[in-house]
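Heads up, the thing below is written out as structure tokens.
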Ligand SMILES: [Zn+2]
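Shown next, in the form of structure tokens:
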């Protein structure tokens, strides 16, 4: 059931579907927006969370583990935000440190060893910007994931469920299929950051959001993503199981299609998927 | 080994350390130039071909063309993709005009020069970024040129050397710039799988999406002394943590200490060090492949 209007309890009024890019930014960032763990628990069974990067610590902004998609064993990884300030502090507001990306890579390598498809849920305003993150090589951690994911010998599907902020999102989204929930955004950096860097005026964020082509609709058109998953009017929080069930069905179909490809074909298609990006002339 | 011996530096370099490298100017036209390391006005010709301040040993930024001249054996550089130029995926206002004026100013088509050459008689692919071209930012053209350079190197079983100098992704191209990080990294991975050598030389500044992709993927990562290298910008971090950061934060020396750079090499030693590294891997390649 796709609702045209819905009573949004977080703002206390009836909302209509919204369409502008800056409206989507607002929905994508709502604290009530369903998080990675909620999708994981709804879509998969028998989830066992696995912790740590085996090097420095367990980054709670990244969750991951093994689970079943129906009968198929898979590895699931997500960037986790919270619904409350307390939860968000625990999850560092969904901004991973290098050890978060390295935990993700460890679990992806494990998936490759046991030939399990990988499903990632991306929801971050960006990789964390801090002293420890720089000391431990945030740039290297992201770069390594891009490099390794390009050749992981198992199918990878990435779903942007909220914010897809820059390299910190891409580090979990070098995949065979990249999908977005209808009200998610995916961008080079936040509209505020874009406005502040290019126009030295972060108050022009709204204008930046419209210009930057960050919505699922824009990105589908540009070929950056392959599929848009519908949400209830006003956002997935208004009818969580609608979006989660839809996503589950799509994942089941896609995983079985991707698993049927031979690995060399899969890797070649993954390479070509990213190889084509660029807007230039000669 | 003589190659790796550093020249003793004068005391004054402490002061050079303290300057904000973001404000470091390239050598402008005219007879004299003010050094942002020591603040003194020096004759341009006194900087010498390596563009180093004679007073304080501060490194001036150098453009891609000049770097190629300093690095490649004489008359060996053959440039790739000379005529490629950027389009405007976001229809960003006046982006085409900006590209055009940058092309006129720098004499290159975008923020990287790519090609093949010989260094110390060794054949190699070489890419050099230019911080003077929209902060050396990576958009479609930089991404495509570097990807093609990797693909050429893979096909022809050649090593690749990349000098990085970049503020990160090209904001004006939006998400297309972000995708370049994945594209280039995948090409680097293919080159690596073919058992070929990739050396990065980090120069001032190397930040953002370039750090978070090919800059950090070299088999061997060299850096010029005191280069600014990092993922996030210093100001962003200071705003996040609400504290001032120490001067040496995100310097080449800081990265060396934390294990993200293999070796800091003085500018004047770079051609020799690169020659030695290329020669070392050449010999190994011959032994295992034949
Ligand atoms: Zn000086």
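Chains as they are written, first to last, in the numbering used here: chain A, 2 to 283; chain B, 97 to 386. Cβ atoms here follow ideal geometry from the backbone N, Cα and C, with glycine treated the same way. None of these values were measured; they are calculated from a predicted model.
Between residue i and residue j, is the Cβ-Cβ spacing less than 9 Å?
i, j, result
"residue 122 of chain A", "residue 96 of chain A", "no"
"residue 312 of chain B", "residue 264 of chain B", "no"
"residue 119 of chain A", "residue 78 of chain A", "yes"
"residue 170 of chain A", "residue 164 of chain A", "yes"
"residue 318 of chain B", "residue 361 of chain B", "yes"
"residue 400 of chain B", "residue 278 of chain A", "This structure cannot settle anything about residue 400 of chain B, because the visible part of chain B is limited to 97 through 386."
"residue 300 of chain B", "residue 155 of chain B", "yes"
"residue 215 of chain A", "residue 197 of chain A", "no"
"residue 176 of chain B", "residue 266 of chain B", "no"
"residue 92 of chain A", "residue 62 of chain A", "yes"
"residue 167 of chain A", "residue 30 of chain A", "no"
"residue 348 of chain B", "residue 276 of chain A", "no"
"residue 166 of chain B", "residue 374 of chain B", "no"
"residue 285 of chain B", "residue 302 of chain B", "no"
"residue 140 of chain B", "residue 128 of chain B", "yes"
"residue 292 of chain B", "residue 254 of chain B", "yes"
"residue 378 of chain B", "residue 218 of chain B", "yes"
From the options, pick the residue whose C-alpha is nearest to that of residue i; which is it?
i, options, result
"residue 204 of chain B", "B/225, B/188 and B/260", "B/225"
"residue 273 of chain A", "B/303, B/366, B/288 and B/276", "B/276"
"residue 215 of chain B", "B/327, B/169 and B/140", "B/169"
"residue 156 of chain A", "A/141, A/140 and A/174", "A/174"
"residue 66 of chain A", "A/89, A/58, A/86 and A/105", "A/105"
"residue 130 of chain A", "A/48, A/119 and A/143", "A/143"
"residue 161 of chain A", "A/180, A/147, A/168 and A/169", "A/180"
"residue 201 of chain B", "B/228, B/140, B/294 and B/295", "B/228"
"residue 228 of chain A", "A/199, A/265, A/197 and A/184", "A/184"
"residue 101 of chain A", "A/71, A/206, A/117 and A/133", "A/133"
"residue 73 of chain A", "A/233, A/244, A/47 and A/194", "A/47"
"residue 223 of chain B", "B/217, B/199, B/249 and B/198", "B/249"
"residue 262 of chain A", "A/177, A/275 and A/202", "A/177"
"residue 199 of chain A", "B/270, B/285 and B/282", "B/270"
"residue 364 of chain B", "B/158, B/283, B/132 and B/316", "B/158"
"residue 252 of chain B", "B/221, B/233, B/268 and B/236", "B/221"
"residue 171 of chain B", "B/354, B/211 and B/247", "B/211"
"residue 298 of chain B", "B/161, B/138, B/281 and B/352", "B/352"
"residue 235 of chain B", "B/195, B/218 and B/256", "B/195"
"residue 315 of chain B", "B/198, B/237 and B/256", "B/256"
"residue 25 of chain A", "A/243, A/266 and A/233", "A/233"
Could you work out which residues of chain C lie near residue i, taking near to mean beta carbons separated by less than 8 Å?
i, result
"residue 293 of chain B", "Absent from the structure: chain C. Protein chains present are A and B."
Run through chain B and tell me which residues come within less than 9 Å of residue i, C-beta to C-beta.
i, result
"residue 139 of chain A", "307, 308, 326, 327 and 328"
Identify the contact partners of residue i in chain B, using a Cβ-Cβ distance below 7 Å as the criterion.
i, result
"residue 275 of chain A", "275, 278, 279 and 282"
"residue 167 of chain A", "274"
"residue 171 of chain A", "274, 277 and 278"
"residue 220 of chain A", "271"
"residue 175 of chain A", "278"
Residue i touches chain A at which residues, Cβ-Cβ below 7 Å?
i, result
"residue 237 of chain B", "281"
"residue 356 of chain B", "138 and 141"
"residue 240 of chain B", "279 and 281"
Going along chain A in order, which residues have a C-beta closer than 8 Å to the C-beta of residue i?
i, result
"residue 179 of chain B", "283"
"residue 285 of chain B", "148, 149, 151 and 152"
"residue 127 of chain B", "Ordered by position in chain A, no residue passes the 8 Å Cβ test against residue 127 of chain B, which lies about 33 Å from the chain."
Which chain B residues sit within Cβ distance under 8 Å of residue i?
i, result
"residue 69 of chain A", "Within chain B, no residue comes near residue 69 of chain A; the closest Cβ sits about 29 Å away, beyond 8 Å."
Any heavy atom of ligand 3 within a distance shorter than 8 Å of the CB on residue i?
i, result
"residue 147 of chain B", "The model depicted lacks ligand 3 and carries ligand 1 instead."
Kindly list, in the order they appear in chain A, the residues whose Cβ is closer than 9 Å to that of residue i.
i, result
"residue 143 of chain B", "None at all; the shortest Cβ gap to chain A is about 30 Å."
"residue 313 of chain B", "141, 144, 145, 147 and 148"
"residue 289 of chain B", "152"
Name, going along the chain, the residues of the region 145-156 of chain A whose beta-carbon falls closer than 7 Å to a beta-carbon of chain B.
Correct list: 147, 148, 151 and 152.
Using a Cβ-Cβ cut-off of less than 9 Å, give me the residues of the region 326-338 of chain B that come near chain A, in sequence order.
326, 327, 328, 329, 332, 333, 335, 336 and 337
Does the region 177-193 of chain B come close enough to the region 273-282 of chain A that 3 or more CB-CB pairs lie under 8 Å?
yes
Would you call the region 31-38 of chain A in contact with the region 219-239 of chain A, where contact means no fewer than 3 C-beta pairs closer than 8 Å?
A contact between stretches requires three or more CB pairs, one per stretch, nearer than 8 Å, and the region 31-38 of chain A meets this requirement with the region 219-239 of chain A.
Near-chain A residues of the region 254-277 of chain B - C-beta to any C-beta below 8 Å
265, 267, 268, 269, 270, 271, 272, 273, 274, 275, 276 and 277
Whether or not the region 205-223 of chain A and the region 246-256 of chain A are in contact is what I'm after, with contact meaning three or more pairs of Cβ atoms, one per stretch, closer than 8 Å; do they touch?
Segments in contact, no.
Is there contact between the region 296-315 of chain B and the region 255-262 of chain B, where contact requires at least three CB pairs shorter than 8 Å?
yes
Chain-ordered residues of the region 224-252 of chain A with a beta carbon less than 7 Å from chain B
225
Give, in chain order, every residue of the region 185-215 of chain A whose Cβ lies closer than 9 Å to some Cβ of chain B.
187, 188, 189, 190, 194, 195, 198, 199, 212, 213, 214 and 215
Are at least three pairs of beta-carbons, each pair with one atom in the region 328-346 of chain B and one in the region 131-142 of chain A, less than 8 Å apart?
yes
Proximal residues, the region 346-378 of chain B versus chain A, C-beta separation under 7 Å
346, 354 and 356
Along the region 84-99 of chain A, where does the CB come closer than 8 Å to a CB of chain B? Name the residues.
none
Closer than 9 Å, Cβ to Cβ, to anything on chain B: give me those residues from the region 108-137 of chain A, in chain order.
127, 128, 129, 130, 131, 132, 134, 135, 136 and 137
Give, in chain order, every residue of the region 39-55 of chain A whose Cβ lies closer than 7 Å to some Cβ of chain B.
Along the region 39-55 of chain A, none of the residues has a CB nearer than 7 Å to a CB of chain B.
Tell me which residues of the region 181-213 of chain B have at least one Cβ-Cβ distance to chain A shorter than 9 Å, keeping chain order.
181, 182, 183, 184, 185, 186, 187, 188, 189 and 206
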